[in-house]
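Chemist: Here it is, the structure, as structure tokens.
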Amino acid sequence: MDTDIQQKFTELYDTPPVFVVRAPGRVNLIGEHTDYNDGFVFPAAINFDVTIAGAPRQDDQVRAYSTRYLVSDTFTLSDIQEREKGHWSNFIRGVAHVLRSEGYPLKGMNLVVHGTVPIASGLSSSAAMEIASCLAFETAGGFAIDPVQRALYCQRAEHAFAKVKCGIMDQFISSLGRAGHALLIDTRSREYEAVPLPAQRVSLVIGDTGLPRGLGASKYNERRTECESAVEILKRSLPGITALRDVDEESFARYADQMPETIRKRARHVITENARVLKSVAALKAGDIAQFGQLMNASHDSLRDDYEVSCRELDVMVEAARQVEGVFGARMTGAGFGGCTVSLVADKAVENFKKIVGAAYLKETGREAKFYVCQASEGASRIL
Ligand code: GLA
């Protein structure tokens, strides 16, 4: 366990912390922009997380110190205001606001927050922050929230305080991830299945483009609205549907020409991506890594051409990755518009991969890539 955070806590508050909790970031293997369409996703929690050391206070103040920004932020539980857009403490405030409105007995707390999830990289540092904050409030208040419900509350916090109408994937996997596994999540029923990732032979390599992903930017919410428009149009012919999840590839082909081109492309991505998630999980279970990799490639192409959420940096990195011997597949991961790629790479090719892709990426973009060989990790937990 990270003892520095405990030391920092003691230094700041003159007593050791009473608890330490952590929640991980995530990498999505396949199933992008499907979660707010009631579809399927297949993410894994990663070995980067947000750790929070804390102790309850006697009053209703929450005081949090960030080891990243080296500042404290204080707010009162009876009057939770939002801070300026993008402020790190909005995630804690948002979670407190939602839990309070649900009637949970929140206690004031002293906290030290320490994050290792790269920020704005599409690896869900905000979901990790929200889930860890929620667990801190649970621990200090002496109550426990079901992990799926916890994810739903944190999603609400993100909608209200970060102004991103995100789906449930990031908070879900941060709350429920399983070491060595990715989770196939049905975002409509919220049922999930942990599927083992191959322990040997292949690695998941995250490539950080270094280009901050503007998820808060209006594009994400715009895509959501475009999907809703697609549903409205398709409903005229398919009155039973409530989300793109309900439309299969065959029905889509029948009615696609009723939609304006942009809406049609957005819908086509979501509908084909849902099918790809199920096929890729079947391939993984059958040990067919090659097929899994091809579906990852197809996912990227669809995100680039139909959903139009990729960018030059992501495309350059993905293209470079696909040229490397021993790479099964490569795609952007997360919301897009910057952030990270994920590649499935034969273990023995990983070092070569970093060298070749890093050099090609630098040459094409002038940017330094970072690579993380990722270990699928456990979801949120109390560690002290
Ligand atoms: C962000 C959102 C998720 C999901 C992805 C795209 O990470 O928070 O809910 O929509 O983008 O798949």
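Residue numbers for the sequence shown follow this note's numbering, so the first one is 4 and each next one is one higher. Where is the CB? At the ideal position from N, CA and C, for every residue including glycine. Keep in mind it's a predicted model, so treat the numbers as computed, not measured.
#1: Quick check: what's the CA-CA separation for Ile95 versus Ala259?
#2: Do you know how far the Cα of Val167 is from the Cα of Glu225?
#3: Tell me whether Tyr72 is buried or exposed, calling it buried when 16 or more other Cβ atoms sit within 10 Å of its Cβ.
#4: Should Arg159 go down as buried or exposed, given a rule of 16 or more other Cβ atoms within 10 Å for buried?
#5: State the start and end residues of the unbroken beta strand (DSSP E) segment that holds Ala26.
#6: Thinking Val348 and Phe356 are a contact (beta carbons under 8 Å), I'd like their distance in whole angstroms, please.
#7: DSSP state of Gly219, grouped into three classes?
#8: Rounding to the nearest angstrom, what Cα-Cα distance links Val30 and Pro46 in this structure?
#9: Taking DSSP's pairing of strands, which residues face Val205 in a bridge?
#10: From the DSSP output, in three-state form, read off Met299 for me.
#11: Which term fits Glu316, buried or exposed, when burial requires 16 or more other beta carbons within 10 angstroms of its beta carbon?
#12: When we look at the beta-carbon of Val273 and count the other beta-carbons within 10 Å, is it buried (16 or more) or exposed?
#13: Just checking my contact of Ala56 with Leu114 at CB under 8 Å: how many whole Å lie between their CB atoms?
#14: In chain order, what residues of the same chain have a beta carbon less than 8 Å from the beta carbon of Gln84, not counting five sequence neighbours either side?
#15: Could you check if Asn31 belongs to the surroundings of the ligand GLA, using beta carbon to heavy atom distance under 7 Å?
#16: Under the assumption that Ala352 contacts Glu328 (Cβ atoms under 8 Å), give the Cβ distance between them as a whole number of angstroms.
#17: Compute the Euclidean distance between the alpha carbons of Gln152 and Gln174, then round it to the nearest angstrom.
#18: Give me the residue from Ala202, Tyr375, Leu387 and Ile386 with the minimum Cα distance to Asn50.
#19: Between the region 331 to 339 and the region 297 to 305, are three or more C-beta pairs nearer than 8 Å?
#20: I need the straight-line Cα distance from Arg271 to Val280, nearest angstrom please.
#21: Just verifying my parser: in three-state terms, what is the DSSP assignment at Tyr72?
#22: Just tell me which of Arg269, Val284 and Lys288 has its CA closest to the CA of Asp304.
#23: Where does Leu281 fall in DSSP's three states?
#24: Assuming Leu102 contacts Phe140 under a Cβ cut-off of 8 Å, what Cβ separation, rounded to an integer in Å, is found between them?
#25: In the DSSP output, what is Ser376 paired with across the bridge?
#26: Buried or exposed: which applies to Val321, given that a residue is buried once 16 or more other Cβ atoms fall within 10 Å of its Cβ?
#27: With a Cβ-Cβ cutoff of 8 Å, do Arg370 and Gly213 count as a contact?
#28: Residues in its own chain within less than 8 Å of Tyr195 by CB, not counting five upstream and five downstream?
#29: At which residues does the beta strand (DSSP E) containing Ala123 begin and terminate?
#30: Expressed to the nearest angstrom, what Euclidean distance is found between the alpha-carbon atoms of Thr18 and Thr142?
#31: Given a cut-off of 8 Å on the beta-carbon distance, is the pair Val360 and Ala324 in contact?
#32: Can you tell me the Cα-Cα spacing of Asp62 and Ala154, whole angstroms?
#33: Evaluate Phe12 with the Cβ neighbour count: other Cβ atoms within 10 Å of its Cβ, from every protein chain shown; 16 or more gives buried, anything less gives exposed.
#34: What separation, rounded to the nearest whole angstrom, lies between the Cα atoms of Met4 and Ser69?
Modeler: Working from what's here:
#1: 43 Å
#2: 11 Å
#3: exposed
#4: buried
#5: Phe22 to Ile33
#6: 5 Å
#7: In this prediction, Gly219 scores a pLDDT of 47, lower than 50, which makes its location untrustworthy; the coordinate-derived value is nonetheless stated afterwards. Coil.
#8: 6 Å
#9: Ala349
#10: helix
#11: buried
#12: buried
#13: 7 Å
#14: Phe78 and Arg96
#15: yes
#16: 6 Å
#17: 10 Å
#18: Tyr375
#19: yes
#20: 14 Å
#21: coil
#22: Arg269
#23: helix
#24: 6 Å
#25: Looking at the sequence shown, residue 376 is not Ser but Val. Val208, per the DSSP bridge assignment.
#26: buried
#27: yes
#28: Phe175, Leu179, Leu186, Leu187, Ile188 and Asp189
#29: Per DSSP, Ala123 belongs to no beta strand (DSSP E) and is neither H nor E.
#30: 17 Å
#31: yes
#32: 27 Å
#33: buried
#34: Here the model assigns Met4 a pLDDT of 49, short of 50, so the residue's position is not dependable and the matter cannot be decided.
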